[in-house]
Amino acid sequence: MRKVLIVLLTVFVLLLLIQYNTAFGERKSALVLYDELTTDYSVALVNLLGHFFFEYDTKTEHILRASIDKIKSVDVLFVLSSYNSVKPSGVILEAINSRNQKPEKVTCLIGTPSWLKKSDKYQVFAYVSYKGQHYRGSYGIYPLEIESGHPIAFFDDETKVFISKNGNLWIVQGFPFFGVHSWIFADVLHDILGVQHKPQKSMFLRLEDVNPSYGDAELEKLEKCINYLYSQGVPFAIAVYPVFIDFSEGRVITLLQNEKLVSLLKRAEKMGGSIIMHGTSHQYRIVSGEGSEFWDVLEDKPLSNEKEYFHRRMQYGLWVFREAGLTPIFFEAPHYNLPPTLQLEMHQYFKTILGTLMINNKTYKTSQTPPFIVYKTYSGLTLLPEQLGYISAEDKIGSIEKIKERALELGQIVRDPTVCFFYHPYLDGDKPLRELIPFFRDHGFRFINVAPFGAPTFFDVKEVPPIWEIKEEGNLYFGKIPALLAVVSAIALLFIYLRLTSRRKRRLFEIDRTS
Numbered sequence: 001m002r003k004v005l006i007v008l009l010t011v012f013v014l015l016l017l018i019q020y021n022t023a024f025g026e027r028k029s030a031l032v033l034y035d036e037l038t039t040d041y042s043v044a045l046v047n048l049l050g051h052f053f054f055e056y057d058t059k060t061e062h063i064l065r066a067s068i069d070k071i072k073s074v075d076v077l078f079v080l081s082s083y084n085s086v087k088p089s090g091v092i093l094e095a096i097n098s099r100n101q102k103p104e105k106v107t108c109l110i111g112t113p114s115w116l117k118k119s120d121k122y123q124v125f126a127y128v129s130y131k132g133q134h135y136r137g138s139y140g141i142y143p144l145e146i147e148s149g150h151p152i153a154f155f156d157d158e159t160k161v162f163i164s165k166n167g168n169l170w171i172v173q174g175f176p177f178f179g180v181h182s183w184i185f186a187d188v189l190h191d192i193l194g195v196q197h198k199p200q201k202s203m204f205l206r207l208e209d210v211n212p213s214y215g216d217a218e219l220e221k222l223e224k225c226i227n228y229l230y231s232q233g234v235p236f237a238i239a240v241y242p243v244f245i246d247f248s249e250g251r252v253i254t255l256l257q258n259e260k261l262v263s264l265l266k267r268a269e270k271m272g273g274s275i276i277m278h279g280t281s282h283q284y285r286i287v288s289g290e291g292s293e294f295w296d297v298l299e300d301k302p303l304s305n306e307k308e309y310f311h312r313r314m315q316y317g318l319w320v321f322r323e324a325g326l327t328p329i330f331f332e333a334p335h336y337n338l339p340p341t342l343q344l345e346m347h348q349y350f351k352t353i354l355g356t357l358m359i360n361n362k363t364y365k366t367s368q369t370p371p372f373i374v375y376k377t378y379s380g381l382t383l384l385p386e387q388l389g390y391i392s393a394e395d396k397i398g399s400i401e402k403i404k405e406r407a408l409e410l411g412q413i414v415r416d417p418t419v420c421f422f423y424h425p426y427l428d429g430d431k432p433l434r435e436l437i438p439f440f441r442d443h444g445f446r447f448i449n450v451a452p453f454g455a456p457t458f459f460d461v462k463e464v465p466p467i468w469e470i471k472e473e474g475n476l477y478f479g480k481i482p483a484l485l486a487v488v489s490a491i492a493l494l495f496i497y498l499r500l501t502s503r504r505k506r507r508l509f510e511i512d513r514t515s
């Protein structure tokens, strides 16, 4: 028995070593060089490299201050350079070029390197070709003159090369970190890094925006969705925000006031449903469900005192979940708007987030949509991505077709995609799911259980003040100002009317006396 235990323990240790290290203790190394103009792209690149987290140790350095020894020795070197980037020193260029003489050292130039021949005419291409298929997607670059090599992907009529390989040198034109071009580049990364993941198409789905305002009608539709998914053996996630606020009606409802919803969510957890903390109130200055919570979308800027605000919201929301007896294991920022500063703060609560990724603290409009699971993002979190969109109340048929179209496109481009769509169950109950679940299965997608990527919160949850008492965004009575103004106006009008009536009676009395 003892020998068996020793053998099992040895096998377990070896598996761990294989999982985390490619050569029994030594992972390969990747280095990303960037400058001031390509900082955001370096973040986006590191996010994509996070899909290969177990195989590669990734670092970033400013190109003008980079270590020459590291440039020469690293296994894979990525160099980001824009049209207006400053040309690096001769010493750095010599170190980069010296790698061409070592077949085992891979170099990938991305953008418009100043030391390569390039056009001074900006061009916009409408299509991109990869693996014999054409995909629509606008893409603007200053084209490079690529003289030789093996083309991997093309633009438009295939006269211009998008990605090429020449020995151990890869050249990628432009910065393909958004849209269909990012999916192509993400797939090519397997070949650049020399990591051949098993080709398989995975997917999961979310039931979205479940909240304490749910009445009997919404609960019935949610229950239908849960029962159908369970009957089909489909694991699923439910995005829940625990507080509903509507200032215009002076309404604040928490999960603790909706016992029917809490009971249904507890049953869902036992039926394969993973609970997601979808923010605390899914709003900032407006009604819940209609706004971001951790980013000022109207001004497109961070919130004032964003870290203090963030922690107060997170801690109160988690307290409500705990008091309700529910255990969220993931976090999803409302409308995915969570800047990198707050992604770093998220480590205090969850290790896994869902959706897309903001890559800077300047705007939410450059969010990144990876085509696969990112095991370690730039901020150190795990990302379960969403790329397919949602079923729209305004165009249910059209949005369902769009979900199918995007899924098929992703399945063609990426060898190991993990795709996701989300659905608001209050729309049509389980009806759309009965159409989409068979579709995905018929097209080779495997529904996966994402629960192993999550975990209950690390935070020691304690009671905190209710968020509607926090003065920084207004209080419960802020939404009653219009009604209050109406009451004041009515009183003022009544006062004026009484004064005028009194004057009229007095005048009539005076006229009567003189007659």
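Position one of the sequence shown corresponds to residue 1 (the numbering used here), numbered consecutively onward. Beta carbons: idealized from backbone N, C-alpha and C, even for Gly.
query: Sequence-distant residues of the same chain with beta carbon closer than 8 Å to residue 142, five excluded per side; result: 83, 112, 118, 119, 120, 121, 122, 123
query: Nearest residue (CA-CA) to residue 408, options 444, 310, 94, 451; result: 444
query: Distance between residue 274 and residue 301 (C-alpha atoms, nearest Å); result: 32 Å
query: Alpha helix (DSSP H) segments (min. 4 residues) lying fully within the stretch 323-384; result: 340-345
query: Beta-carbon proximity check, residue 91 vs residue 68, cutoff 8 Å; result: yes
query: Separation of residue 383 from residue 126, as counted between CA atoms; result: 30 Å
query: Simplified DSSP state of residue 412, which is helix, strand or coil; result: helix
query: DSSP bridge partner residues for residue 109 (one or two, in chain order); result: 79, 171
query: Burial state of residue 157, where buried means 16 or more other Cβ atoms lie within 10 Å; result: exposed
query: Buried/exposed call for residue 328, threshold 16 Cβ in 10 Å; result: buried
query: DSSP three-state assignment for residue 186, whether helix, strand or coil; result: helix
query: Buried or exposed (CB count within 10 angstroms, at least 16 for buried), residue 79; result: buried
query: Contact under 8 Å by Cβ, residue 357 with residue 341; result: no
query: Close-in-space but distant-in-sequence residues of the same chain around residue 185 (CB under 8 Å, 5 per side omitted); result: 48, 163, 172, 176, 177
query: Where the alpha helix (DSSP H) through residue 44 begins and ends; result: 39-49
query: Helix, strand or coil at residue 141 according to DSSP, with G and I counted as helix; result: strand
query: Touch test, the stretch 291-298 against the stretch 205-223, Cβ-Cβ under 8 Å, three pairs minimum; result: no
query: Length of the line joining the Cα atoms of residue 27 and residue 402; result: 40 Å
query: Where residue 90 falls: helix, strand or coil (DSSP); result: helix
query: Neighbour-count burial assignment, residue 217, 16 or more Cβ in a 10 Å radius; result: exposed
query: Where residue 146 falls: helix, strand or coil (DSSP); result: coil
query: Check whether residue 349 and residue 453 have beta carbons under 8 Å apart; result: no
query: Pick from 436, 65, 460, 317 that is closest to residue 232, judged by C-alpha positions; result: 436
query: Opening and closing residue of the beta strand (DSSP E) in which residue 238 lies; result: 236-240
query: Environment of residue 182 [buried if 16+ CB atoms lie within 10 Å]; result: buried
query: Where residue 480 falls: helix, strand or coil (DSSP); result: In this prediction, residue 480 scores a pLDDT of 43, lower than 50, which makes its location untrustworthy; the coordinate-derived value is nonetheless stated afterwards. Three-state DSSP puts residue 480 in a helix.
query: Delimiting residues of the alpha helix (DSSP H) encompassing residue 73; result: 68-73
query: Coil, strand or helix - residue 151 by DSSP; result: strand
query: Simplified DSSP assignment, three categories, for residue 228; result: helix
query: Cβ separation of residue 263 and residue 287, assumed to be a contact under 8 Å, to the nearest whole Å; result: About 25 Å separates the two Cβ atoms, so there is no contact after all.
query: Rounded C-alpha distance that separates residue 194 from residue 322; result: 45 Å
query: Best match in 199, 442, 214 for proximity to residue 415 [C-alpha to C-alpha]; result: 199
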